[in-house]
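Counting with my numbering, you get residues 6 to 160 for the letters of the sequence shown. Here the structure comes first, spelled out in structure tokens, and everything after it is commentary.
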Amino acid sequence: MNGIDCGGYSVEELEQAVAQEVAGYELTIKERGGKKETITAEQLKLVPEFDGSLDRLMEQQNRFAWIRSLWSPASLQADTVVTCENLDQLVKKLDCMDPDDQVQPVSASISGYGKDGYTVIPEEKGTVIEYEKLLDAVEHAVNNLQEELDLEEAG
Numbered sequence: 006m007n008g009i010d011c012g013g014y015s016v017e018e019l020e021q022a023v024a025q026e027v028a029g030y031e032l033t034i035k036e037r038g039g040k041k042e043t044i045t046a047e048q049l050k051l052v053p054e055f056d057g058s059l060d061r062l063m064e065q066q067n068r069f070a071w072i073r074s075l076w077s078p079a080s081l082q083a084d085t086v087v088t089c090e091n092l093d094q095l096v097k098k099l100d101c102m103d104p105d106d107q108v109q110p111v112s113a114s115i116s117g118y119g120k121d122g123y124t125v126i127p128e129e130k131g132t133v134i135e136y137e138k139l140l141d142a143v144e145h146a147v148n149n150l151q152e153e154l155d156l157e158e159a160g
């Protein structure tokens, strides 16, 4: 379930396995220019919350159909609900949020006339980050226990 081999687990054992996975969670944030930053479960004070969905999944299983799983293992998905205390402060403290390190974008332009004529000067994307978009992307990644967040792909 959710990538955890839980064959034969009770709900309590599965909750322990999920708690261990959450405790070791790390999110790597890929920024422009190849830079990476990491936020850990400990920094986030990340805690799993169990809302009874594991109990419901267990109840839905056919206990007498276990022999079929020897030839075609089943894969179950459950929403992992986590809470974290200080996501806002951690995002604000990321190196990429330091205004002194941010580079403003520059639009493409045409150079002055030279011996080769006019040339196009390519755009520079810059590294300025919109805080709210970053916070939303990081929050989504943490809630889904993503291991990596590429800011270029996240927009």
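All C-beta atoms in this analysis are idealised placements derived from N, C-alpha and C, irrespective of residue type, glycine included.
Residue i and residue j look like a contact to me (Cβ under 8 Å); what is the Cβ gap, rounded to whole Å?
{"i": "VAL108", "j": "THR132", "result": "5 Å"}
{"i": "TYR123", "j": "SER114", "result": "So it is not a contact: roughly 10 Å between Cβ atoms."}
{"i": "GLU20", "j": "LEU92", "result": "In fact, because the Cβ distance is near 23 Å, the residues do not count as touching under 8 Å."}
{"i": "TYR14", "j": "ALA22", "result": "7 Å"}
Report yes if the C-beta distance between residue i and residue j is below 9 Å; otherwise report no.
{"i": "LYS35", "j": "LEU156", "result": "yes"}
{"i": "THR43", "j": "GLU54", "result": "no"}
{"i": "VAL147", "j": "VAL86", "result": "no"}
{"i": "ASP119", "j": "ALA142", "result": "According to the sequence as given, residue 119 is Gly; it is not Asp. Not in contact: GLY119 and ALA142 (Cβ atoms no closer than 9 Å)."}
{"i": "CYS89", "j": "LEU51", "result": "yes"}
Tell me residue i's beta-bridge partners as DSSP assigns them.
{"i": "VAL180", "result": "Nothing can be reported for residue 180, as the shown portion of the chain is limited to 6 through 160."}
{"i": "VAL52", "result": "THR88"}
{"i": "GLU42", "result": "ILE34"}
Nearest to residue i by alpha carbon, out of the options?
{"i": "LEU49", "options": "GLY39, LEU99, ARG37 and PRO104", "result": "LEU99"}
{"i": "CYS101", "options": "GLU90, ASP56 and THR33", "result": "THR33"}
{"i": "ASP2", "options": "ILE134, TYR118, LEU92 and SER15", "result": "The structure shown has nothing for residue 2, since the chain only spans 6 to 160."}
{"i": "ASP56", "options": "ARG37, GLY38, GLU17 and GLY39", "result": "GLU17"}
{"i": "LYS138", "options": "GLY39, VAL23, GLU158 and ALA24", "result": "GLU158"}
{"i": "GLY38", "options": "GLU129, GLU144, GLU26 and GLU152", "result": "GLU129"}
{"i": "GLU153", "options": "LYS40, SER15 and VAL23", "result": "LYS40"}
Residue i: buried (16+ other C-beta within 10 angstroms of its C-beta) or exposed?
{"i": "MET6", "result": "With a pLDDT of 49 at MET6, under the threshold of 50, the predicted position of this residue should be treated as unreliable, though the coordinate-derived value follows. By the 10 Å Cβ count, MET6 comes out buried."}
{"i": "ALA28", "result": "exposed"}
{"i": "VAL111", "result": "exposed"}
{"i": "TYR136", "result": "exposed"}
{"i": "VAL125", "result": "exposed"}
{"i": "ALA46", "result": "buried"}
{"i": "ASP103", "result": "exposed"}
Using beta carbons (cut-off 9 Å, strictly below), is residue i in contact with chain D?
{"i": "GLU152", "result": "The structure shown has no chain D; it contains just one protein chain."}
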